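Undergrad:
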Ligand SMILES: Cc1cc2nc3c(=O)[nH]c(=O)nc-3n(C[C@H](O)[C@H](O)[C@H](O)COP(=O)(O)O)c2cc1C
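Residue numbers (my numbering): 657 to 1021.
(1) State the Cα-Cα distance for the pair residue 927 and residue 820, rounded to the nearest angstrom.
(2) Cβ of residue 929 within 8 Å of Cβ of residue 876?
(3) Counting by C-beta, which residues lie closer than 6 Å to a heavy atom of ligand 1, in chain order?
(4) Could you give the DSSP three-state label for residue 813: helix, strand or coil?
(5) Would you list the one or two residues that DSSP bridges to residue 1004?
(6) Between the beta-carbon of residue 884 and the beta-carbon of residue 940, is there less than 8 Å?
(7) Is it a yes or a no for the segment 672-686 touching the segment 744-759, going by three-plus beta-carbon pairs under 8 Å?
(8) Spell out whether any CB of chain E is found under 8 Å from the CB atom of residue 710.
(9) Could you check the C-alpha separation between residue 1021 and residue 932 for me, to the nearest Å?
(10) How about residue 870 and residue 961: are their beta carbons less than 8 Å apart?
(11) Examine the Cβ distances between the segment 801-820 and the segment 959-979 and report whether three or more of them are shorter than 8 Å.
(12) What are the boundary residues of the beta strand (DSSP E) that residue 891 is part of?
(13) Here's the rule: buried if 16 or more other CB atoms are within 10 angstroms of the residue's CB, otherwise exposed. What is residue 702?
(14) How is residue 853 classed by DSSP in three states: helix, strand or coil?
(15) If you reduce the DSSP assignment to three classes, tell me which class residue 759 lands in.
(16) Give the straight-line distance between the Cα atoms of residue 847 and residue 864, rounded to the nearest whole angstrom.
(17) Using the Cα positions of residue 938 and residue 752, report the straight-line distance between them to the nearest angstrom.
(18) Just tell me which of 685, 669 and 706 has its CA closest to the CA of residue 659.
(19) Straight-line CA distance for residue 747 to residue 663?
(20) Nearest-angstrom Cα distance between residue 974 and residue 936?
(21) Per DSSP, which residues does residue 845 bridge with? Please list them.
(22) Would a C-beta distance cut-off of 8 Å place residue 893 and residue 902 closer than the cut-off?
(23) Please report the distance separating the alpha-carbon of residue 1001 from that of residue 694.
(24) Within this structure, are the beta carbons of residue 917 and residue 750 separated by less than 8 Å?
(25) Which runs of the alpha helix (DSSP H) fall wholly inside the segment 760-813 and span at least 4 residues, in chain order?
(26) Taking DSSP's pairing of strands, which residues face residue 702 in a bridge?
(27) Could you please give me the residues that DSSP links to residue 676 through a beta bridge?
(28) For a quick check, are the C-beta atoms of residue 691 and residue 723 less than 8 Å apart?
(29) Following the continuous alpha helix (DSSP H) through residue 900, name the residue where it begins and the one where it ends.
(30) With residue 861 and residue 953 assumed to form a contact (beta carbons below 8 Å), what rounded beta-carbon distance in angstroms separates them?
(31) Looking at C-alpha atoms only, which residue of 1006, 882 and 913 is the closest neighbour of residue 986?
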């Protein structure tokens, strides 16, 4: 059995203490100078005996206990273990270093609040912190150019204006055409760019949403609960030929479980799940800034899906509150290269879905 230092460790300060965080396993614990030294010397695979031999003055049982603790914390990984395979996958498959890795892996599976805890939290913050202005005006600027509002009753603006997040659905299946249009609006390939750049893919897929370097990192999966003429199940959308490939009939993981206990998701006819394939963007852009680019693209795709749903007169709402481990299980995602980033739920609006009385011009406008 050999051990080596996990590749996903960052050293931080917590007040006067030094702590180490394994952002893959999300464990944080204090570390002293000795632990830091052992970890730095375990850069490559070594037997516990070889590591112990580096410290002849330290009693063997103390050294054994130290190595066991470090392995338990996930700071040392054991050769041929599941953790070692994941660590190796990270080392070879994640080009965006700890800069983006800490964020990407470190925020997964947060302890989501249930509705009661969420209300309590809102009460707590509003009692201790004043609310912040959510808009910035031009008041005080030397010159302010007045502009008229666009005509929002027709054309593009009428559809843009119709979009609202609606989370209250009424039972009833959604048409396959509506599903097709939502998928195509977000992900459908409309043509190819012939790049003629040496080393670059000769044909870059172009869609109705922008993509950094046209790397097209997102794939769409459909969680189909109630769609006319479609067996319930999970489908993969092929953006190339606009087809749905049946992945699984198993909807055993509920959308409530998949999306942070949000049970409003259960009423929707379908959800489009946007899965990022980070390696597509990493291939061309090794700087961690590209991680931000991938996340932004989810917003573009999501917006087009929402607009297509609005155009069909359907209710839709997005969610970014993903229970990552459940999503990985459902869609069989690679832990390092893929993740479910964003999802849009679509269905028929319940009669009380949109409380127009709550949507009004600002009282001061
Ligand atoms: C990135 C992102 C994540 C969101 N996640 C959630 C979510 O998890 N649950 C939810 O109910 N709404 C979610 N929303 C919807 C917002 O709550 C909603 O857009 C906001 O209240 C404004 O309402 P509107 O969409 O009708 O303009 C999300 C919106 C965005 C842009």
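Virtual Cβ for every residue (Gly too), placed ideally from N, Cα, C.
Model, not experiment: these values are computed from the prediction.
TA: Per the coordinate set shown:
(1) Here residue 927 corresponds to residue number 271 of the chain shown, with the count starting at 1. Here residue 820 corresponds to residue number 164 of the chain shown, with the count starting at 1. Each residue's CA atom was taken as its position, placing residue 927 and residue 820 some 16 Å apart.
(2) To locate residue 929, count along the chain shown from 1; it is residue 273. To locate residue 876, count along the chain shown from 1; it is residue 220. Closer than 8 Å, so yes.
(3) Here the residues close to ligand 1, judged by CB distance below 6 Å to any of its heavy atoms, are 820, 821, 823, 918, 973, 974, 975, 976 and 977 in chain order.
(4) Position 157 of the chain shown, counting from 1, holds the residue named residue 813. Look at residue 813 here: in three-state DSSP terms it is helix.
(5) In the chain shown, the residue the question calls residue 1004 occupies position 348. 826, per the DSSP bridge assignment.
(6) Locating residue 884 in the chain shown gives position 228, counting from the first residue. Locating residue 940 in the chain shown gives position 284, counting from the first residue. Taking 8 Å as the Cβ cut-off, residue 884 and residue 940 do not qualify as a contacting pair.
(7) The segment 672-686, when compared against the segment 744-759, does touch it at the 8 Å Cβ threshold.
(8) The question asks about chain E, but that chain is absent: this structure has only one protein chain.
(9) As a working note, residue 1021 is residue 365 in the chain shown. As a working note, residue 932 is residue 276 in the chain shown. Because residue 1021 sits at a pLDDT of 48, beneath the cut-off of 50, its placement in the model cannot be relied upon, and the following sentence gives the value as read from the coordinates. In a straight line, the C-alpha of residue 1021 is about 41 Å away from that of residue 932.
(10) As a working note, residue 870 is residue 214 in the chain shown. As a working note, residue 961 is residue 305 in the chain shown. Contact flag unset, no.
(11) In short, these stretches touch, since the Cβ pair count reaches three.
(12) Translated into positions along the chain shown, residue 891 becomes position 235. Taken as a continuous stretch (DSSP letters only), the beta strand (DSSP E) holding residue 891 covers 889-894.
(13) The sequence position of residue 702 within the chain shown is 46, counting from 1. Around the beta carbon of residue 702, 16 or more other beta carbons lie within 10 angstroms, which makes this residue buried.
(14) Here residue 853 is taken as the residue at index 197 of the chain shown, counted from 1. In the structure shown, the three-state DSSP call for residue 853 is coil.
(15) The count along the chain shown starts at 1 and reaches residue 759 at position 103. Of the three classes helix, strand and coil, the one that applies to residue 759 here is helix, per DSSP.
(16) The count along the chain shown starts at 1 and reaches residue 847 at position 191. The count along the chain shown starts at 1 and reaches residue 864 at position 208. Cα-Cα distance, rounded: 10 Å.
(17) For the purposes of this step, residue 938 is identified with residue 282 of the chain shown, where counting begins at 1. For the purposes of this step, residue 752 is identified with residue 96 of the chain shown, where counting begins at 1. Taking C-alpha positions only, residue 938 is separated from residue 752 by approximately 8 Å.
(18) One-based indexing of the chain shown puts residue 659 at position 3. Ranking 685, 669 and 706 by CA distance to the CA of residue 659 puts 706 first.
(19) For the purposes of this step, residue 747 is identified with residue 91 of the chain shown, where counting begins at 1. For the purposes of this step, residue 663 is identified with residue 7 of the chain shown, where counting begins at 1. Approximately 7 Å between the Cα atoms of the pair.
(20) For the purposes of this step, residue 974 is identified with residue 318 of the chain shown, where counting begins at 1. For the purposes of this step, residue 936 is identified with residue 280 of the chain shown, where counting begins at 1. Their backbone Cα atoms lie some 24 Å apart in a straight line.
(21) Against the chain shown, residue 845 aligns to sequence position 189. Partner residues in the beta bridge of residue 845, as assigned by DSSP, are 863.
(22) In the chain shown, the residue the question calls residue 893 occupies position 237. In the chain shown, the residue the question calls residue 902 occupies position 246. Not closer than 8 Å, so no.
(23) Numbered from its first residue, the chain shown carries residue 1001 at position 345. Numbered from its first residue, the chain shown carries residue 694 at position 38. Distance from the CA atom of residue 1001 to the CA atom of residue 694, rounded to whole angstroms, is 49 Å.
(24) As a working note, residue 917 is residue 261 in the chain shown. As a working note, residue 750 is residue 94 in the chain shown. The Cβ atoms of residue 917 and residue 750 do not sit closer than 8 Å to each other.
(25) The segment 760-813 contains these whole alpha helix (DSSP H) runs: 771-784.
(26) Taking the first residue of the chain shown as 1, we reach residue 702 at position 46. Residue 702 is bridged to 659.
(27) Along the chain shown, one-based indexing puts residue 676 at 20. Residue pairing by DSSP places residue 676 opposite 667 and 685 in a beta bridge.
(28) Stepping through the chain shown from its first residue, residue 691 is reached at position 35. Stepping through the chain shown from its first residue, residue 723 is reached at position 67. Taking the C-beta atoms as reference points, residue 723 is found no nearer than 8 Å to residue 691.
(29) Counted from its first residue, the chain shown places residue 900 at position 244. Residue 900 -> not in any alpha helix (DSSP H); beta strand (DSSP E) instead, spanning 899-904.
(30) For the purposes of this step, residue 861 is taken as residue 205 along the chain shown, with counting starting at 1. For the purposes of this step, residue 953 is taken as residue 297 along the chain shown, with counting starting at 1. Contact between residue 861 and residue 953 is ruled out by a C-beta separation of about 13 Å, above the 8 Å threshold.
(31) Along the chain shown, one-based indexing puts residue 986 at 330. Proximity to residue 986 across 1006, 882 and 913 peaks at 913, based on C-alpha coordinates.
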